[in-house]
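K.L.:
Numbering (this note's numbering), first residue to last: 867 to 1428.
Using N, Cα and C, we set each Cβ at its ideal position, and we do this for glycine too.
#1: Identify whether residue 971 lies in helix, strand or coil by the three-state DSSP scheme.
#2: Nearest to residue 987 by CA position, among 1096, 994, 1260, 935, is which residue?
#3: Please classify residue 1314 as buried or exposed, where buried requires at least 16 other C-beta atoms within 10 Å of its C-beta.
#4: Could you tell me if residue 1211 is buried or exposed, where buried requires 16 or more neighbouring beta carbons within 10 angstroms of its beta carbon?
#5: Find the nearest neighbour of residue 1144 within the set 1157, 1133, 1137, judged by alpha-carbon distance.
#6: Determine the direct distance from the alpha carbon of residue 1085 to that of residue 1064, and round the result to whole angstroms.
#7: When the Cα atoms are used, what is the spatial distance from residue 932 to residue 1014?
#8: Please state if the CB of residue 1261 and the CB of residue 1206 are separated by a distance shorter than 8 Å.
#9: Are there 16 or more other CB atoms within 10 angstroms of the CB of residue 1359, so buried, or fewer, so exposed?
#10: Suppose you measure from the CA of residue 1149 to the CA of residue 1408; what does that come to, to the nearest Å?
#11: On the criterion of 16 or more Cβ atoms from any shown chain inside 10 Å, does residue 1196 qualify as buried, or is it exposed?
#12: Within its chain, find whatever has a CB closer than 6 Å to the CB of residue 907; leave out the 5 residues flanking it on each side and keep chain order.
#13: Would you give the residue range spanned by the beta strand (DSSP E) that residue 1023 belongs to?
#14: Using CA atoms only, rank isn't needed, just tell me which of 1074, 1268, 1068 is closest to residue 1177.
#15: Can you say whether residue 1230 is buried or exposed, counting buried as having 16 or more other CB atoms within 10 angstroms of its CB?
#16: May I have the straight-line CA-CA distance separating residue 1027 from residue 1118, to the nearest angstrom?
#17: Checking the sheet assignment: what are the DSSP bridge partners for residue 960?
#18: Evaluate residue 955 with the Cβ neighbour count: other Cβ atoms within 10 Å of its Cβ, from every protein chain shown; 16 or more gives buried, anything less gives exposed.
#19: Pick from 1413, 1237, 1386: whose alpha carbon is nearest that of residue 1330?
#20: Quick one: which unbroken beta strand (DSSP E) runs of 3-plus residues sit fully inside the segment 990-1015? Chain order, please.
#21: Determine the closest residue to residue 1349 out of 1078, 1414, 1319, with distance taken between C-alpha atoms.
#22: Counting pairs of Cβ atoms below 8 Å between the segment 1183-1191 and the segment 1212-1223, do you hit three or more?
#23: Using CA coordinates, which residue listed in 1001, 946, 1306 is at the minimum distance from residue 1378?
#24: Let me make sure I understand the geometry here. Which of 1155, 1167, 929, 1019 has the alpha-carbon closest to that of residue 913?
#25: Among 1397, 1382, 1380, which residue has its Cα nearest to the Cα of residue 1371?
#26: Measuring alpha carbon to alpha carbon, tell me which residue in 1333, 1356, 1418 is nearest residue 1375.
#27: Could you name the residues of the same chain whose beta carbon sits closer than 7 Å to that of residue 898, not counting the 5 residues immediately before and after it, in chain order?
#28: Count the other CB atoms, across all protein chains shown, that sit within 10 Å of the CB of residue 1163; report buried if there are 16 or more and exposed otherwise.
#29: Note down the Cα distance separating residue 1422 from residue 991, rounded to an integer number of angstroms.
#30: Whole angstroms is fine: what's the gap from residue 1103's alpha carbon to residue 1283's?
#31: Suppose contacts are defined by Cβ-Cβ distances below 8 Å. Is residue 925 in contact with residue 981 by that definition?
#32: Check residue 1345 in the structure and name its three-state DSSP category.
#33: On the premise that residue 1076 lies in contact with residue 1133, defined as a C-beta separation below 8 Å, what is that separation, rounded to the nearest angstrom?
#34: From the DSSP output, which residues share a beta bridge with residue 1040?
#35: Is there contact between the segment 1165-1175 and the segment 1106-1122, where contact requires at least three CB pairs shorter than 8 Å?
#36: Runs of 3 residues minimum, wholly inside the segment 1157-1242: which ones carry the beta strand (DSSP E) assignment?
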């Protein structure tokens, strides 16, 4: 442990931090239950002495409350946009239908409310939420529109891990900012030189002398952190999408933008304060914030240097402390790569000028679908970084498992469920995933670099998930224009106006949900043109009506029930 303190000697700190007094780490409030009302708005925050800084926040001046969810619960989220600009809200890492995912195709206009709802299908882990408006994601996140999501489940509950929020279970939202020295305002698109955690400059945290859990989220636009932990007392227990199989002893971990990691630190027996450090001097070629990363330059004391993130001040244990760390956490359920339906290649390249960056030679086009997946298919993705810059690849909809890293074994910290993958220059990485539960031929999911400047610059693609039963991929289902459904969306009743001749009219209607399950079959009298279908028995959501016609032809239509 003494070696850890020695390494901290002589760390270079930004001038802003050197002049700051230590501040108690702020812990975001929480929101629980099954209905959440969230308002994104412009505000101001007192970061520095003098003028307040203009910021964005969700239900507060800066950042957002932590959403506390439980696996299996059905939740409703009402997101109101009080900004002057259009926004969206993406539930990063969560497995939801494309229409609920909050990507660029579900914009929230100023003064309006978007109300997605879904069942929480995710394992216990740390997720987050933030805007995802094309070409404006970096700006809105930088000004503060972001918050953490914590999901609990029965597997995690049975392990006896620290779980009391703000007592032995702490959120740690890492961000770097730059301030104008005259006005105290944030300088957007600068190479940021000032660290904060949970919106706190130069933070310290009082921790009990026992096993404590930390949930680290890199919510920076582009900076990567190389977080250092005291040797022998720190264990990684979870990655982006859930627990590891066993706790992994760590002294360092790279955390790229968008990534999350959960770490246990045993403070029992410590009487000194412990610094939490980013050892950025040790980072490799092309990593943002490292010695040879893009954008680093004179005057920025963070880039390429080691600096303090937070100071832990160790106190007495709580009344019922966690003192041990379980040897086994869970068992993986990895899709079998031998059953993969296909292998997709994603090749990162760059313009001659160095920007923008491309995925398979393309930049993002909202009107172009880059990939089409089939519901239920297992796929392998091969990712090649042929640029001189590191790119954290993020995929919506699914979690994946890395199965090959530069032709060899997968490092321990990448063996859990992932939705963000840091690819360094020259890396070749393979992962396997399965596209299950949700199909929607109209609303795409995204995959993109989570360096938000790269994303907004077009380093993004999109995909749709199709269900061959409903989509007509095999010719079994076609689109017919002489059927009218109204109103769509509907509250409870949908009217079907069948304008075909009687010999071509609908004889039966199947109702399918967004998970690809058939819920009901209703016989129709073909002598009638108008039919009413009662949907009161079904929760709000997206449904597909599959029609059978007297001629033997089939057709399908997407219905939204409000």
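P.N.:
Short version:
#1: Counting from 1 along the chain shown, the entry for residue 971 is found at position 105. Of the three classes helix, strand and coil, the one that applies to residue 971 here is coil, per DSSP.
#2: In the chain shown, residue 987 corresponds to position 121, counting from 1. The residue with the shortest Cα to Cα distance from residue 987 is 935.
#3: Against the chain shown, residue 1314 aligns to sequence position 448. Label assigned to residue 1314: buried.
#4: Translated into positions along the chain shown, residue 1211 becomes position 345. Answer is exposed; the Cβ neighbour count stays below 16.
#5: The sequence position of residue 1144 within the chain shown is 278, counting from 1. When each option's Cα is compared against that of residue 1144, the closest is 1157.
#6: The count along the chain shown starts at 1 and reaches residue 1064 at position 198. The count along the chain shown starts at 1 and reaches residue 1085 at position 219. Cα to Cα, the separation comes out at about 10 Å.
#7: What you label residue 932 is simply residue 66 of the chain shown in a count that begins at 1. What you label residue 1014 is simply residue 148 of the chain shown in a count that begins at 1. Going by the C-alpha atoms only, they are around 5 Å apart.
#8: As a working mapping, residue 1206 is identified with position 340 in the chain shown. As a working mapping, residue 1261 is identified with position 395 in the chain shown. No, the Cβ-Cβ distance between residue 1206 and residue 1261 is not below 8 Å.
#9: As a position in the chain shown, residue 1359 is number 493, starting the count at 1. With fewer than 16 other Cβ atoms within 10 Å, it is exposed.
#10: The count along the chain shown starts at 1 and reaches residue 1149 at position 283. The count along the chain shown starts at 1 and reaches residue 1408 at position 542. If I take the Cα positions, the gap works out to 46 Å.
#11: On the chain shown, position 330 is the one that residue 1196 refers to. So residue 1196 ends up on the buried side.
#12: The residue labelled residue 907 in the question sits at position 41 within the chain shown. Answer for residue 907: 948, listed in chain order.
#13: Position 157 of the chain shown, counting from 1, holds the residue named residue 1023. Note, residue 1023: premise wrong, no beta strand (DSSP E); alpha helix (DSSP H) at 1020-1023.
#14: As a working note, residue 1177 is residue 311 in the chain shown. Per the Cα distances, 1068.
#15: Locating residue 1230 in the chain shown gives position 364, counting from the first residue. Residue 1230 should be labelled buried.
#16: Numbered from 1 along the chain shown, position 161 holds the residue referred to as residue 1027. Numbered from 1 along the chain shown, position 252 holds the residue referred to as residue 1118. Their backbone Cα atoms lie some 22 Å apart in a straight line.
#17: Taking the first residue of the chain shown as position 1, residue 960 is located at position 94. None; residue 960 has no bridge partner.
#18: Numbered from its first residue, the chain shown carries residue 955 at position 89. The residue in question, residue 955, is buried, as its Cβ has 16 or more Cβ neighbours within 10 Å.
#19: Translated into the one-based positions of the chain shown, residue 1330 becomes position 464. Looking at the Cα atoms, 1237 is the closest of the given residues.
#20: 991-996
#21: By one-based count along the chain shown, residue 1349 stands at place 483. Measuring from the Cα of residue 1349, the nearest candidate turns out to be 1414.
#22: no
#23: Residue mapping note: residue 1378 aligns to position 512 of the chain shown, counting from 1. Cα-wise, what sits closest to residue 1378 is 1306.
#24: Here residue 913 refers to the residue found at position 47 when the chain shown is read from its first residue. It is 929 whose Cα lies nearest to the Cα of residue 913.
#25: Taking the first residue of the chain shown as position 1, residue 1371 is located at position 505. Measuring from the Cα of residue 1371, the nearest candidate turns out to be 1397.
#26: Mapped onto the chain shown, residue 1375 falls at position 509. Out of 1333, 1356, 1418, 1418 has the C-alpha closest to the C-alpha of residue 1375.
#27: Within the chain shown, residue 898 is the residue found at index 32, counting from 1. These residues qualify, in order along the chain: 934.
#28: One-based indexing of the chain shown puts residue 1163 at position 297. Note that residue 1163 has pLDDT 46, beneath the 50 cutoff, so the model's placement of it is unreliable and the number below is only indicative. Exposed, because fewer than 16 other Cβ atoms sit within 10 Å of the Cβ of residue 1163.
#29: Residue 1422 sits at position 556 when you count from the first residue of the chain shown. Residue 991 sits at position 125 when you count from the first residue of the chain shown. Near 37 Å, if we compare the C-alpha coordinates of residue 991 and residue 1422.
#30: Along the chain shown, one-based indexing puts residue 1103 at 237. Along the chain shown, one-based indexing puts residue 1283 at 417. If I take the Cα positions, the gap works out to 12 Å.
#31: By one-based count along the chain shown, residue 925 stands at place 59. By one-based count along the chain shown, residue 981 stands at place 115. No. Outside cutoff.
#32: Translated into positions along the chain shown, residue 1345 becomes position 479. Bear in mind that the predicted position of residue 1345 carries a pLDDT of just 48, short of 50, making it too unreliable to give a figure here.
#33: Start at 1 with the first residue of the chain shown, and residue 1133 comes out as number 267. Start at 1 with the first residue of the chain shown, and residue 1076 comes out as number 210. Confirmed, Cβ separation roughly 6 Å.
#34: Here residue 1040 is taken as the residue at index 174 of the chain shown, counted from 1. 1063, 1084.
#35: no
#36: 1172-1181, 1208-1216, 1223-1225, 1237-1240
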